[in-house]
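Q: Protein chains in written order, with the working numbering: chain P, 176 to 478; chain D, 8 to 291.
Next up, the structure:
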């Protein structure tokens, strides 16, 4: 009897493999094979000089060394990190404040649904269209300049796209607008999950508001903070659509807004598969390590 | 959470500050789309004269000029819609199937497979795109929308969401009852399980649709013929066009056409979407 029932279960359990076939078939074909061939490409000299193809010729790790010893990649990594941090710091700060207010029952904020709906909305906007919109709005003859002139704040149009600081700030502003609502809602879920009796006990013990915030709220939110930080960094390293469209792929002015992935895109469109491969592998290693941290947070949750 | 301890300021003042700050961020989120909407209704000539906060009457004229212009916007709209609908349907159906396999069956290597999918979840597609393009070329699928649709079958993030959802909302007794009634495993999944997943499915269809609708990086590398391009690729093309000679009315109406469908969907379904954001992420 026992033998029979375990046999039946085993027969059912074979369906587990069958149901996994589509996922793994597609994953292997469209992710795993491309990954393997990206790594393979990175060991070859293979690019176009004009219309003539140079290579492919096996050169070992030369692409990797060449990439790291060129000043450009460090500049692009710097650009990417500056623009990520410039968006992330206001993002996490504003999100923390808003989530704290939303979760504070003594404030009894009305219209929370409305505010959450509004601040999350930019997250769903097509980044390339949003960037195009900013380009049009902040153009030399665009509405923002027109407004500033008609309000007598400016005498003549400010050329946002010719200023390193202004271009970067616009990119940071777009990243901030697209992500602070998302972060607010994640932090809010964490704050609402905190056991109310903890606060009551602290109040009975005479803790001040700031003590409660830094000693209770923040430590409990730590896993969410790490999650938000790491996923945002992974997203930040992939920054592409916004600066690509805003600067028409040129990273203007003077390469100050070219990101790492814009650089990868340049290698791909110019068919420099060796260097593109090496850059991809570096990005794979970095995001792989960062993913591992997220992975550990996600698995720890299930205990 | 009953009450936070009172800070120095009285509640009324703190509430007022909160409303003012929320008002500022609401303004910051909406003003761009308001200007977009206004400018989409104005003619190029009106716009060169300066900005006003009131709409004009040229919205249909701008749209007609755009549709009859050099950028195949109507075709782009259809392409974007085709890619987004197909990939969100495939993504949701097969992610649910994958999650069901891990959730329901006890087979050898199950834990290892579940851990593997979780581990690859955050790795961006961009790091494999070089090999992906070469593969697409070898498969003769370059300049088609197929490589933008099929890979969505393997979507670890959507899978993860379904798995969380099933863990708390799917009683195994239901599966067993279906077996006793003689329902095959595949039929059970399609006719009993999928309907039970409706709330999760609607959230994930939206996320997957929007993700696909907004996707720019991969389509830009794969689609070369104008009539096959999706909206983000056409927007990039518009950005690359000779800017000074362009009719700004057309520019704004094109941006509006790319953005507002998603905003409309969002306004109708925001309740589910905002609730769905947190479900896939960590909780404290």
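Note that beta-carbon positions come from the ideal geometry of N, C-alpha and C, so glycine has one too.
(1) Run through chain D and tell me which residues come within less than 8 Å of residue 211 (chain P), C-beta to C-beta.
(2) Does DSSP put residue 115 (chain D) in a helix, a strand or coil?
(3) Does the beta-carbon of residue 224 (chain P) have 16 or more other beta-carbons within 10 angstroms, so that it is buried, or is it exposed?
(4) I want to verify the contact list: residues of chain D whose CB lies under 9 Å from the CB of residue 448 (chain P), in sequence order.
(5) Against chain D, does residue 461 (chain P) count as a neighbour if the rule is that its beta carbon must be under 7 Å from one of theirs?
(6) Smallest Cα separation from residue 206 (chain D): which of D:227, D:221, D:168?
(7) Counting only C-beta atoms, is residue 264 (chain P) closer than 7 Å to chain D at any point?
(8) Using a C-beta to C-beta distance shorter than 7 Å, which residues of chain P count as neighbours of residue 57 (chain D)?
(9) With DSSP run on the structure shown, which of helix, strand or coil describes residue 233 (chain P)?
(10) If we ignore side chains and look at the alpha-carbon of each, how far apart do residue 186 (chain D) and residue 146 (chain D) end up?
(11) Can you check the segment 235-269 of chain P for any alpha helix (DSSP H) of at least 4 residues that lies completely inside it and give the ranges in chain order?
(12) Let me make sure I understand the geometry here. Which of D:82, D:58, D:149, D:191 has the alpha-carbon closest to that of residue 229 (chain D)?
(13) Assuming contact is defined by CB atoms lying nearer than 7 Å, are residue 173 (chain D) and residue 110 (chain D) in contact in what I supplied?
(14) What did DSSP end up calling residue 86 (chain D) once you bin it into helix, strand or coil?
(15) Going by DSSP, name the residue or residues bridged to residue 273 (chain D).
(16) At a CB distance below 7 Å, what residues from the segment 13-33 of chain D approach chain P? Give them in sequence order.
(17) Any C-beta of chain P within less than 8 Å: which residues of the segment 260-277 of chain D qualify?
(18) In chain D, which residues lie with their C-beta within 7 Å of the C-beta of residue 390 (chain P)?
(19) If we count the other Cβ atoms within 10 Å of its Cβ and call it buried at 16 or more, is residue 290 (chain P) buried or exposed?
(20) Please confirm whether residue 221 (chain D) and residue 301 (chain P) have their CB atoms less than 7 Å apart.
(21) Hey, how far is the Cα of residue 401 (chain P) from the Cα of residue 278 (chain D)?
(22) Starting from residue 293 (chain P), find everything on chain D with Cβ-Cβ shorter than 7 Å and list it in chain order.
(23) Any Cβ of chain P within less than 7 Å of the Cβ of residue 212 (chain D)?
(24) Measure the CB-CB distance between residue 304 (chain P) and residue 260 (chain D) and report whether it falls below 7 Å.
(25) Looking only at its chain, what residues have a beta carbon closer than 7 Å to the beta carbon of residue 312 (chain P), apart from the 5 residues adjacent to it on each side?
(26) Which residues mark the beginning and the end of the beta strand (DSSP E) in which residue 40 (chain D) is found?
(27) Return no unless some Cβ of chain P is closer than 7 Å to the Cβ of residue 106 (chain D).
(28) Measuring alpha carbon to alpha carbon, tell me which residue in P:237, P:383, P:426, P:271 is nearest residue 449 (chain P).
(29) Can you tell me whether residue 221 (chain D) is helix, strand or coil according to DSSP?
(30) Compare the Cα-Cα distances from residue 336 (chain P) to each of P:405, P:269, P:423 and report the closest residue.
(31) In the DSSP assignment, the alpha helix (DSSP H) including residue 310 (chain P) goes from what residue to what residue?
(32) So who's on the other strand from residue 223 (chain P), going by DSSP bridges?
(33) From the DSSP output, in three-state form, read off residue 338 (chain P) for me.
(34) May I ask you to list, following chain order, the residues of the segment 166-178 of chain D that have a beta carbon less than 9 Å from some beta carbon of chain P?
(35) Could one say the Cβ of residue 112 (chain D) lies closer than 7 Å to chain P's Cβ atoms, at least one of them?
A: This is what the structure gives:
(1) Within the first chain, the letter at position 36 stands for residue 211 (chain P). One finds 138 in chain D with Cβ atoms closer than 8 Å to the Cβ of residue 211 (chain P), taken in chain order.
(2) The residue you call residue 115 (chain D) lines up with position 108 of the second chain. Three-state DSSP puts residue 115 (chain D) in coil, outside helix and strand.
(3) Against the first chain, residue 224 (chain P) aligns to sequence position 49. Exposure of residue 224 (chain P) is indicated by the presence of fewer than 16 other C-beta atoms within 10 angstroms of its C-beta.
(4) Translated into positions along the first chain, residue 448 (chain P) becomes position 273. Within chain D, the residues near residue 448 (chain P) are 137, 141.
(5) Residue mapping note: residue 461 (chain P) aligns to position 286 of the first chain, counting from 1. Residue 461 (chain P) does not count as touching chain D.
(6) Here residue 206 (chain D) corresponds to residue number 199 of the second chain, with the count starting at 1. Ranking D:227, D:221, D:168 by Cα distance to residue 206 (chain D) puts D:168 first.
(7) Taking the first residue of the first chain as position 1, residue 264 (chain P) is located at position 89. Chain D contact via Cβ: absent.
(8) Start at 1 with the first residue of the second chain, and residue 57 (chain D) comes out as number 50. The answer, in chain order, is 321, 325.
(9) Numbered from 1 along the first chain, position 58 holds the residue referred to as residue 233 (chain P). Strand.
(10) The sequence position of residue 186 (chain D) within the second chain is 179, counting from 1. The sequence position of residue 146 (chain D) within the second chain is 139, counting from 1. The straight-line gap from Cα to Cα measures roughly 41 Å.
(11) Counting only runs that start and end inside the segment 235-269 of chain P, the alpha helix (DSSP H) elements of at least 4 residues fall at 237-244.
(12) As a first step, residue 229 (chain D) must be located in the second chain, where it is residue number 222. Of the candidates D:82, D:58, D:149, D:191, the residue whose Cα lies closest to the Cα of residue 229 (chain D) is D:149.
(13) What you label residue 173 (chain D) is simply residue 166 of the second chain in a count that begins at 1. What you label residue 110 (chain D) is simply residue 103 of the second chain in a count that begins at 1. Yes; because the gap between Cβ atoms is below 7 Å, this pair is in contact.
(14) Here residue 86 (chain D) refers to the residue found at position 79 of the second chain. Of the three classes helix, strand and coil, the one that applies to residue 86 (chain D) here is helix, per DSSP.
(15) Numbered from its first residue, the second chain carries residue 273 (chain D) at position 266. As DSSP reads the structure, residue 273 (chain D) sits in no beta bridge.
(16) Residues of the segment 13-33 of chain D with a Cβ closer than 7 Å to any Cβ of chain P, in chain order: 13, 14, 18, 21, 22, 25, 29, 32, 33.
(17) So the list reads 262, 265, 266, 269, 270, 273, 274, 277, given in the order they occur along the chain.
(18) Translated into the one-based positions of the first chain, residue 390 (chain P) becomes position 215. Result: empty, since nearest Cβ-Cβ is about 11 Å, beyond 7 Å.
(19) Position 115 of the first chain, counting from 1, holds the residue named residue 290 (chain P). It is buried - the Cβ of residue 290 (chain P) has at least 16 other Cβ atoms within 10 Å.
(20) Within the second chain, numbered from 1, the residue matching residue 221 (chain D) stands at position 214. Within the first chain, numbered from 1, the residue matching residue 301 (chain P) stands at position 126. It is a contact, given that the beta carbons lie within the stated cut-off.
(21) Locating residue 401 (chain P) in the first chain gives position 226, where the first residue counts as 1. Locating residue 278 (chain D) in the second chain gives position 271, where the first residue counts as 1. Between the alpha carbons of residue 401 (chain P) and residue 278 (chain D) lies a gap of roughly 27 Å.
(22) Sequence index remark: in the first chain, residue 293 (chain P) carries index 118 (1-based). Within chain D, the residues whose beta carbon sits less than 7 Å from that of residue 293 (chain P) are 33, 36, 37, listed in sequence order.
(23) The residue you call residue 212 (chain D) lines up with position 205 of the second chain. Look at residue 212 (chain D): its C-beta is not under 7 Å from any C-beta on chain P.
(24) For the purposes of this step, residue 304 (chain P) is taken as the residue at position 129 of the first chain. For the purposes of this step, residue 260 (chain D) is taken as the residue at position 253 of the second chain. By the CB criterion at 7 Å, residue 304 (chain P) and residue 260 (chain D) fall outside the cutoff.
(25) To locate residue 312 (chain P), count along the first chain from 1; it is residue 137. 318, 319, listed in sequence order.
(26) Indexing the second chain from 1 puts residue 40 (chain D) at position 33. Per DSSP, residue 40 (chain D) lies in no beta strand (DSSP E) segment; the continuous alpha helix (DSSP H) that holds it begins and ends at 18-47.
(27) Looking up residue 106 (chain D) in the second chain gives position 99. It does not: the Cβ of residue 106 (chain D) has no partner Cβ on chain P nearer than 7 Å.
(28) Here residue 449 (chain P) refers to the residue found at position 274 of the first chain. Residue P:237 is the option with its Cα nearest to residue 449 (chain P).
(29) Stepping through the second chain from its first residue, residue 221 (chain D) is reached at position 214. Note: residue 221 (chain D) maps to helix in three-state DSSP.
(30) Residue numbering aside, residue 336 (chain P) sits at position 161 when the first chain is read from its first letter. If we check each option's Cα against that of residue 336 (chain P), P:423 comes out closest.
(31) On the first chain, residue 310 (chain P) is found 135 positions in, with the first residue counted as 1. In this chain, the alpha helix (DSSP H) harbouring residue 310 (chain P) covers 302-312.
(32) The count along the first chain starts at 1 and reaches residue 223 (chain P) at position 48. Answer is P:228, bridged to residue 223 (chain P).
(33) Residue numbering aside, residue 338 (chain P) sits at position 163 when the first chain is read from its first letter. The answer is coil: DSSP assigns residue 338 (chain P) none of H, G, I, E or B.
(34) Listed in sequence order: 166, 167, 174.
(35) By 1-based counting over the second chain, the position of residue 112 (chain D) is 105. Yes, residue 112 (chain D) lies at the interface with chain P (some Cβ there is under 7 Å from its Cβ).
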